[in-house]
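Taking the numbering used here, the leading residue of the sequence shown gets 2, the next gets one more, and so forth. Glycine residues also receive a C-beta, built at the ideal position from the N, C-alpha and C atoms. These notes concern the structure reproduced below.
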Amino acid sequence: TFEWVIETLVDICGHSYEQAEQCAYIIHNNGKYAVKNGHYEDLKPLCEAITERGINATIEMLAN
Numbered sequence: 002t003f004e005w006v007i008e009t010l011v012d013i014c015g016h017s018y019e020q021a022e023q024c025a026y027i028i029h030n031n032g033k034y035a036v037k038n039g040h041y042e043d044l045k046p047l048c049e050a051i052t053e054r055g056i057n058a059t060i061e062m063l064a065n
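As structure tokens, this is what we get:
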């Protein structure tokens, strides 16, 4: 549900409720969204924690 995704982004990514809600709607409408940027080593545990909650998540490299 949207609430589960929002709660996950707040708990794991440290987003505010409003930021997490906006991310959830963008993901719903576009299929994916970069909810967090950073180094792979920092993002990997976040990605694993999100997927452990049953939400699909990947780490992708941004083009320079």
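DSSP-derived helix/strand/coil call for residue i
| i | result |
| --- | --- |
| residue 33 | coil |
| residue 28 | helix |
| residue 7 | helix |
| residue 58 | coil |
Nearest-angstrom beta carbon gap, residue j and residue i [assumed within contact, 8 Å]
| i | j | result |
| --- | --- | --- |
| residue 24 | residue 34 | 6 Å |
| residue 2 | residue 56 | The pair is not a contact, with the Cβ atoms about 11 Å apart (cut-off 8 Å). |
| residue 27 | residue 18 | So it is not a contact: roughly 15 Å between Cβ atoms. |
Beta-carbon contacts of residue i that lie in its chain and below 7 Å, excluding the five residues immediately before and after
| i | result |
| --- | --- |
| residue 30 | none |
Own chain residues within Cβ distance below 6 Å of residue i, not counting five before or after
| i | result |
| --- | --- |
| residue 50 | 13 |
8 Å Cβ shell around residue i - same chain, five flanking residues per side excluded
| i | result |
| --- | --- |
| residue 37 | 14, 44 and 47 |
| residue 42 | none |
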